[in-house]
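Data first, discussion second: the structure below is written as structure tokens.
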Amino acid sequence: MDLQYGLELVGTFVFAISGALAIRELEHDMFGAGFTGFITAIGGGTLRDILLDSYPLVWIGDVVFLYAILAGILAAFTFTNFLSRLRKTFFLFDTLGIAFFTVLGVEKALSLGMRPEIAAIMGMFTAVMGGVIRDTLTNQIPILFRKEVYASACLAGAIVYLILDHLEIARDLNLLISIVVIIVIRLLSMKYKLSLPQLK
Amino acid sequence: MDLQYGLELVGTFVFAISGALAIRELEHDMFGAGFTGFITAIGGGTLRDILLDSYPLVWIGDVVFLYAILAGILAAFTFTNFLSRLRKTFFLFDTLGIAFFTVLGVEKALSLGMRPEIAAIMGMFTAVMGGVIRDTLTNQIPILFRKEVYASACLAGAIVYLILDHLEIARDLNLLISIVVIIVIRLLSMKYKLSLPQLK
Amino acid sequence: MDLQYGLELVGTFVFAISGALAIRELEHDMFGAGFTGFITAIGGGTLRDILLDSYPLVWIGDVVFLYAILAGILAAFTFTNFLSRLRKTFFLFDTLGIAFFTVLGVEKALSLGMRPEIAAIMGMFTAVMGGVIRDTLTNQIPILFRKEVYASACLAGAIVYLILDHLEIARDLNLLISIVVIIVIRLLSMKYKLSLPQLK
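Protein chains in written order, with full-length UniProt numbering: chain W, 1 to 200; chain H, 1 to 200; chain D, 1 to 200.
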């Protein structure tokens, strides 16, 4: 439980950094950057909890999450150049972030008594909807709709978690496998420029 | 009740198809198409139920709706060309869909004890907000803001339903009249290229 | 309490006018204009209440707000040219509106037992998110992300209110000071074209 809480905080921190840096090229001011950092960090989990009627929202019930976000935004402001040069590192961080948030979202939905189909959707939403809301507010095409394998990797990982959970595999092992599945799908699809087919 | 449930499922199925096909020209992949199909199908009813604090959401409480959406997305994937050529058929389906969802939304709000003014807004939201959210996420101007008579036809039909309901007309007859009103307004406005005046 | 209620109604009325006029250049029809007027007037408070799980929503529980919005939309339709020429007057109205809604949002969050950090965010959201949702739906960059000092003035005013509240200053005086702080920051930043620094 403590490990999960710690990882959730780290994920929130990382998402706040990536959100704040995401609009660097858009010539927004620091307030705009902080705002997108905040939205990116809380968006997915907030949407999930509103859909599931699970209150209070995580960041409203536990103020530590707000401070993790604030720390992420300040880090983005202070080390803008340094962090921007770390593109590869960031890609890894973001991939880790979506992998972990997917599994967190699945587990939260299951703990609220949801069916596995709903839990899979909630896992994916937790991971990607913060970025989708950020991109929509800043008038960009959400990453979800670009060619990359992104949200589909999360959905695949969520389904793997649910299958292994159904097979009653130990939770820790399941967490590890599902997270690795998401990371591997994302890394391989980037390396070999794989994408899903288009409708024609 | 069974008829209503069946029609709601058919409406959900049709909206999922039209949502999945809507982004065909945007070069999104199959995952993106499925995602927009899903959002289009659930968006309006989900927004309505969140605003009215009515939980569980329809598609979360009854998994059959999820499978209707999945079937719609798979139909869009399998018969893409065939369905795309059916423009006129689709226009009719969409018109039927918004007409039916408008009345469903009004009835749901009334059944939750809402005033008629709120019920009219909820009817319109149920019909059009799924498409509005889809268009916003994909960076397009929502159909609501284009020149066509679209959401205003839904609002007119909702008001007709509420007036007839106030006059204590039999529900089945009222359903039929209100749905026909919406369809006729939409068809006539398309045929004669009618539109509401602009502000100047 | 009566003064607060009256001011909230006036604020809602003014926001509906400014929302309806905001899309004048976009060649939308009257329905689209009315829709954006509605969204602008209810958006911020609705988002706040959904995040805080505070139901019924203000405009659903008290139909008077709906009529204030309708009056604002009709005023925008009737006096379009006259109101559009009043740019400066409108800027003042909007500034008054965001100042007052910020403080209302802070007070509502506090009255629901929220921590000051959450109350500050809710104050800012109440003031600016209606406009953000409107701009997002109409495919424009939200004012929040433009160079002007806008949402940050609200956040500053919310923090001033919370500090003075912590110091147990009389509520009426606190209301007045916080609202004046927001107005002065916004007016000065417009007059001297001040803006926050960008990330680089």
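Glycine residues also receive a C-beta, built at the ideal position from the N, C-alpha and C atoms.
Remember, predicted model here, so these are calculated numbers, not experimental data.
CB-CB length for residue i against residue j, believed under 8 angstroms
| i | j | result |
| --- | --- | --- |
| F77(W) | A151(D) | Rounded, the Cβ-Cβ distance is 17 angstroms, inconsistent with contact. |
| I98(D) | A20(D) | The Cβ separation is near 17 angstroms, so there is no contact. |
| A158(D) | G113(D) | With a Cβ gap of about 17 angstroms, A158(D) and G113(D) do not count as contacting. |
| L86(D) | I183(D) | In fact, because the Cβ distance is near 18 angstroms, the residues do not count as touching under 8 angstroms. |
| Y161(H) | N174(H) | 6 angstroms |
| I60(H) | L51(W) | 7 angstroms |
| V14(W) | F65(W) | Not confirmed; about 13 angstroms, so no contact. |
C-beta neighbour in chain W for residue i, strict 8 angstroms
| i | result |
| --- | --- |
| D29(H) | yes |
| E168(D) | no |
| R115(D) | yes |
| S189(D) | no |
| A151(D) | yes |
Proximity test, Cβ basis, 8 angstroms: residue i and chain H
| i | result |
| --- | --- |
| D2(W) | no |
| V128(D) | no |
| I118(D) | no |
| I60(D) | yes |
| F35(D) | yes |
| L9(D) | no |
| L57(D) | yes |
Beta-carbon proximity check, residue i vs residue j, cutoff 8 angstroms
| i | j | result |
| --- | --- | --- |
| V149(D) | L196(D) | yes |
| T40(D) | L57(D) | no |
| A127(D) | G105(D) | yes |
| I69(D) | A16(D) | yes |
| N42(D) | G131(D) | A quick correction: the sequence has Ile, not Asn, at residue 42(D). The answer is no: Cβ separation not under 8 angstroms. |
| T136(H) | L137(D) | yes |
| Q140(H) | D29(D) | no |
| G103(H) | S178(H) | The sequence given here places Val at residue 103(H); Gly does not occur at that position. Yes; because the gap between Cβ atoms is below 8 angstroms, this pair is in contact. |
| F125(H) | R48(H) | yes |
| L155(H) | A120(H) | yes |
| R115(D) | V10(W) | no |
| G44(H) | F101(H) | yes |
| Y55(D) | D2(H) | no |
Unbroken alpha helix (DSSP H) run spanning residue i, endpoints
| i | result |
| --- | --- |
| Y55(D) | Counting along the chain, Y55(D) falls outside any alpha helix (DSSP H), and DSSP gives it neither H nor E. |
| N139(H) | From DSSP, N139(H) is part of no alpha helix (DSSP H); its letter is neither H nor E. |
| Q4(D) | 2 to 22 |
| F82(W) | 80 to 85 |
| G157(H) | 151 to 166 |
| K191(D) | 171 to 191 |
Chain D contact for residue i (CB, 8 angstroms cutoff)
| i | result |
| --- | --- |
| S195(H) | yes |
| L51(H) | yes |
| V63(W) | yes |
| G32(W) | yes |
| L66(W) | yes |
### Query
Listed in chain order, which residues of the region 133 to 145 of chain H have Cβ atoms closer than 8 angstroms to some Cβ of chain D?
Listed in sequence order: T136, N139, Q140, I141, P142, L144, F145.
### Query
Between the region 173 to 184 of chain W and chain D, which residues of the former have CB atoms less than 7 angstroms from a CB of the latter, in chain order?
none
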